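In what follows, a structure is listed as structure tokens, so that the remarks can point back to it.
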Amino acid sequence: MTTVLQGIAFADAWRVMAPEMVLTAAGFLLMLIDAALPPAAKRAGVSTGVALIALLVAGVLALRRFGQTAALGPGSYLLDDYALVFKLLFMGITLLILLLSLDDHGRAEGARGEYTYLLLFATVGAMVMASSADLVTLFVGLEILSVSSYVLVGLRRSSKSAEGAMKYLVIGAIASACVLFGMSYIYGVTGTTHLAEAGYTLFQAWDSYRGIVVLGLLLMLAGFSVKISVVPFHMWAPDAYEGAPTPITAFLAAASKAAGFAMLVRVFLYAFASHFPEWGGLWVGLAAVTMVAGNLLAIVQRNVKRMLAYSSIGQAGYLLVPFAVLTGAYHGGNLYQDMSALYFYLAAYALMTAGAFAVLTVVAKHARSEDVDAFTGLFRRSPLLAGAMAVFLVAMAGMPLTSGFAGKFFIALGAINTGYYWLAGLMFLTSVMAFAYYFGLVRRMYLQEPYGPAESWRTPAAAALVVVVALVGTIGLGVAPGVMMHSLPGLNWFGQ
Amino acid sequence: MIAYAWLVPAIPLVAYLLLLALGRRVHEGVAAAIGVLATLISLVLSLMIFVDVAQGGGQLPYLWTWLTFGPGPGHTWQAGFEVNSLNALMLVVVSFVSTLVLLFSRGYMHGDPRFGVFYQYLLLFVFSMLGLVISPNFLQLYVFWELVGLCSYLLVGFWYEKPEAAAAAKKSFVVTRLGDVGLLAGIILLYLATGSFDYDDIARAIQTGGLQIHWIGPQGLATLGALLVFLGAAGKSAQFPLHVWLPDAMEGPTPVSALIHAATMVAAGVYLVARSFALFDASPVALDVVAYIGGITAILGAAIGLTQRDIKRVIAYSTISQLGYMMMGLGVAAYSAAVFHLFTHAFFKALLFLAAGSVIHAVDTQDLGRMGGLWRRMPVTASTFLFGALALSGVPPFAGFWSKDEILASTLAAGRPLLFALGMVAAFFTAFYIFRVFFLTFTGRYRGDRVPRESGWVMTLPLVLLALMALGAGWAGAPFTGYALERFLGEPSGASEAGAGPGVMAISTAVSLLGIGLAWLMYGERATSPEAWSRSLWPLYRLSFHKFYFDELYQAVIVRPAFALGKAFDWVDRRIIDGIVRLAAEATLAVASGVRRIQTGQVQTYGLITLLGIVALIAVSWSLLWGVRS
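Residue numbers (our numbering), protein chains in the order written: chain X, -19 to 476; chain E, 364 to 993.
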């Protein structure tokens, strides 16, 4: 391990991790700008501009690498299409979040510079997680993302924000401890931190060290589950979501969760695939519990952010299904089909989440409240926002002709193909529950008169852009899912 | 040009969206200009496509994959468009009639508060109908099939404040839905059996016998599938016994009747049977059903048309009857004769409706008893109506003569003298009822109270153009042009054709002249009293006047029992199902509020739950890995 770092040439590093390097450099540049420039109002614009340009450059660099495979070190940091699609997703989400934050000046004025570069660092952390095939780099990525997120959640100057950040930090620390503890067992059994090598050794060590391997695996699983807010490790999510600045909530719900899935799939496919069928039932159970609990709890929420938080917990349950059926029936499942279904739904979910939170940002700013009452009669105040929100909500619930339906359809199809009929049935059942609370909000927006004077609400241009992008994506992927679904299975996923 | 055929429906769609964006307060002239322009562009494109097809033949469908949900072609659904000789012809007919109807509506709907909305609906319909025509498979066809049904519903109920219009809209929707259920079931059945929605793939699969379901053989599948598809076609094309909605649909504005309920949508059923002719051809039973249903519909519609007093209803029954002819033609495998009749009928029936609309616009009533003597006051309307009537009666050299004769000759050639006789009697009735309308409307003394005036050019120009088509459209398939249209269409395998010989031509001309003569004696010359005839033949007259009591029969046999059943289900639903649902909802809420208690807000609790979660995971894994295995 010690000799590895010495052998890395810059050209190799650039080839594998150019987007990460660009974003990191941009982050440091922003730190310098933040220190050098006087605290003028322009600063926010400058830093956002630099960040947007960095994201676009990094995105182009990532696009140019598709189809290539390379590795840094003895395969601890990988360049493959699996990492690239996730990186594109993270960068796309961050781009939308930055746009969405543009009109948030008044809220976090003193913290503008750090807001932007922390967001960039968080993105880099997520990207490192997607590329890592080594427990050490993986953990570094996880911590970069987590620590940046803790600060971001606490940026709003309110006690709720501090409370959310505190809870997120404590539970996050427990999760990190669990992950490290679990990793140490795996390292102890296999003598390596490299995932593929560990997987090979574990295949042989399974019979003699089964207890310790399973314990290590479960501890890592618990830690990851906190990141993707799987029940019963979801407790931090509603509080942190409620306290965080709304764009950051969207980032947590979309990018952070996607990063968790990227890491989860990589680790379990590489290291523990050999004995999937023996414990795959565990995932199926987690998916089922998460779907039911998330959707059930969303019904009784009155704060829209909390409702969306619980709904995102439910969505995590749906997202677990493709992986669960893959692990449950490893030899019967179709890896690429399931990966495509997972990624499709992640992308669709990220778009509708970004859109819904964009609407929420605008509404909350005008109404000075995040309660469901703020949405009452929204149709009269702003037909665009009400219409867009309705589309996002029914997409989350899974209405046909939206991306939410197409995504759920592909996931359910994967479950049915591997014989998990009851899991597919449960998906439909929880979708029905989801319709209950989403339609409650839609009804409020359309059928009730607004409280107070019915003045019309203006949507800032940047937020409107986010809403339109999300709207086009949500409906486009719903009407023609094939556009994306056909190209995904043909990717060079893991460099085979 | 064929590669751009998707533009033909796309342009009316764009116009529809444009009008939608402009809102309902748009100026009448602007709405009409956008509508007419869009359909005119579609017409020009259709004509260019038609010329291309005439020169180079049809093309393979342009397809792209819409949805893949598994391996193999059976799990990939495709969307796209297709141009062949049949639907190239349909494109021209639909866009031509649409253009004229949209122009006509500028005058007819003038002053209506929802003028803009009317054009929106019309354009949506034109888009849907053109999309239906170029659909390359059953699945896509079904989508547009339902869209045209929706537009028909919206337009029949356009004056929804009139209770009759609202009821008629509902009736037309529900009755055609009955057929649609059959169509959908047929599509699903054929898909399950053959793994394809494509017309030709299905026919090929049936011929080669490679079916994926085992409870039915190829022959049975062809029969069952064809009959289910025909059920949909019968609903749309108002065939017996699902014909009852079409006369009621006359509550809609008259341009709608001309476009949707005469020229285009109701012909969609005939088009569907023609398009999937290979499927029907595989089943003699299904073809026989089509032939006899068509024959019965032809005579039934004509018989009811004899006695109706509402000008639009007479023409509506005439449409039913003519659609029956087309089905009859398809049933005896006279493919191109049926399509030929569809082609000519679209023009002269749209003409009759629009001319009737012009009359209604002038006298503000649809009651034949309050018209009369309009020949002098509305010369253009009257003479164009006469052209339409002559074409419908089948008087040479007008359009209807050539196409109807071909169908009649084909029934004889197929060895079905009964169908031939039915067709001949219906032809006699047809000539009689349409000239009864003509004489009652345009000759004699004016019996209304409003002073009628000839309509403006936006209404008479479409009439004149359609009158020219009513005269000349039939020549495209006449013997003296060498059956040009039939050669253009080409014969699908299995279709048989028989040109009308001089014998059939002479008989049918004589029959129609006889009908016209009788109408003239009764209503023109008044040499014999129609009242006396109806008194002496009173059972038949009553039967015809009350439309063979179909509405009453359905009311007693279907509607009332259905309502009773509905009441029973309603009780079960309210008392039992709703109770269960409410219980489930209450239970869900109770569980949710119970679980919410755990979310105390105390971070210590969260940590504890996390720990308990890990313990639970370990316990579950333990039982999975070391537990008792059964």
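For each residue, glycine too, the CB sits at the ideal point set by N, CA and C.
Since we're looking at a predicted model, the values are computed, not measured.
- Against chain X, the beta carbon of E/Phe432 has neighbours under 8 Å at Phe389, Phe390, Leu393, listed in chain order.
- For the beta strand (DSSP E) assignment, the uninterrupted runs of no fewer than 3 residues enclosed by the segment 423 to 505 of chain E are, from N- to C-terminal side, 425 to 431, 439 to 444.
- E/Tyr482 and E/Gly542 have their alpha carbons spaced roughly 28 Å apart.
- Contact with chain E is absent for X/Leu12, since none of that chain's Cβ atoms lies less than 7 Å from the residue's Cβ.
- In this structure, DSSP gives X/Asn314 a state outside helix and strand, which the three-state scheme calls coil.
- When DSSP states are grouped into helix, strand and coil, E/His577 belongs to the coil group.
- Non-local C-beta neighbours of X/Thr4 in its own chain, meaning closer than 6 Å and more than five positions away in sequence, comprise Val104, ordered along the chain.
- Sequence-distant partners of E/Tyr554 (beyond 5 residues in either direction) whose C-beta falls short of 7 Å from its own C-beta, in its chain, are Phe560.
- By a beta-carbon distance limit of 8 Å, E/Ala661 contacts E/Leu785. Their separation comes to about 6 Å.
- X/Leu41 sits in a helix when the DSSP states are folded into three classes.
- In the structure shown, the three-state DSSP call for X/Ser362 is coil.
- Contact check for E/Gly398 and E/Leu485: beta-carbon distance about 6 Å, within the 8 Å limit, so the pair qualifies.
- Here E/Leu705 is near E/Met689, since their CB atoms are less than 7 Å apart.
- Per the coordinates, the alpha-carbon of X/Ala42 lies some 24 Å from the alpha-carbon of X/Gly456.
- When the beta-carbon positions are compared, E/Ala621 and E/Ser535 stay at least 7 Å from each other.
- Secondary-structure assignment with DSSP links E/Ala873 through no beta bridge to anything.
- For the segment 283 to 362 of chain X, the continuous alpha helix (DSSP H) assignments of 4+ residues that do not extend past its boundaries occur at 284 to 308, 315 to 347, 358 to 361, in sequence order.
- For X/Thr74 and X/Ala235, the gap between their C-alpha atoms comes out near 8 Å.
- For X/Tyr57, the uninterrupted beta strand (DSSP E) run begins and ends at 57 to 59, by DSSP.
- The continuous alpha helix (DSSP H) containing E/Leu382 extends over residues 370 to 385.
- Using a Cβ-Cβ cut-off of 7 Å, X/Ile151 counts as an interface residue toward chain E, since at least one Cβ of chain E sits closer than that to its own.
- The beta carbons of E/Pro424 and E/Pro499 sit about 4 Å from each other, so the pair counts as a contact at 8 Å.
- Residues Phe791, Ala794 of the same chain have their beta carbon placed closer than 8 Å to that of E/Leu877, with the five preceding and five following residues left out of the count.
- Pairwise C-beta distances place the segment 329 to 338 of chain X in contact with the segment 286 to 299 of chain X, as three or more of them are shorter than 8 Å.
- For X/Ala50, the enclosing beta strand (DSSP E) stretches over residues 50 to 52.
- The CB of E/Ile977 comes closer than 8 Å to the CB of Cys158, Leu198, Leu199, Ala202 in chain X, given here in chain order.
- X/Val194 reaches chain E at Ser984, Leu988, counting residues in chain order whose Cβ is nearer than 7 Å.
- When 9 Å is used as the limit between beta carbons, E/Ser491 is near no residue of chain X, the shortest such separation being about 17 Å.
- In this structure, X/Ala354 lies away from X/Val446, with their beta-carbon atoms at least 7 Å apart.
- Rounded to the nearest whole angstrom, the C-alpha separation of E/Ile656 and E/Tyr523 is 33 Å.
- With a beta-carbon spacing of about 7 Å, E/Ser681 and E/Leu755 fall inside the 8 Å limit used to define contacts.
- The alpha carbon of E/Ile569 has as its nearest neighbour, out of E/His577, E/Ile576, E/Thr557, E/Trp578, the alpha carbon of E/Thr557.
- X/Phe355 does not reach chain E, its nearest Cβ partner there being about 20 Å away, counting only Cβ pairs nearer than 9 Å.
- DSSP places X/Gln184 inside the alpha helix (DSSP H), whose first and last residues are 175 to 185.
- Interface flag for X/Gly261 against chain E is set, since a Cβ pair is found closer than 7 Å.
- Listed in chain order, the non-local C-beta contacts of X/Ala145 below 6 Å within the same chain comprise Tyr130, Val133, Gly134, local neighbours out to five positions each way being set aside.
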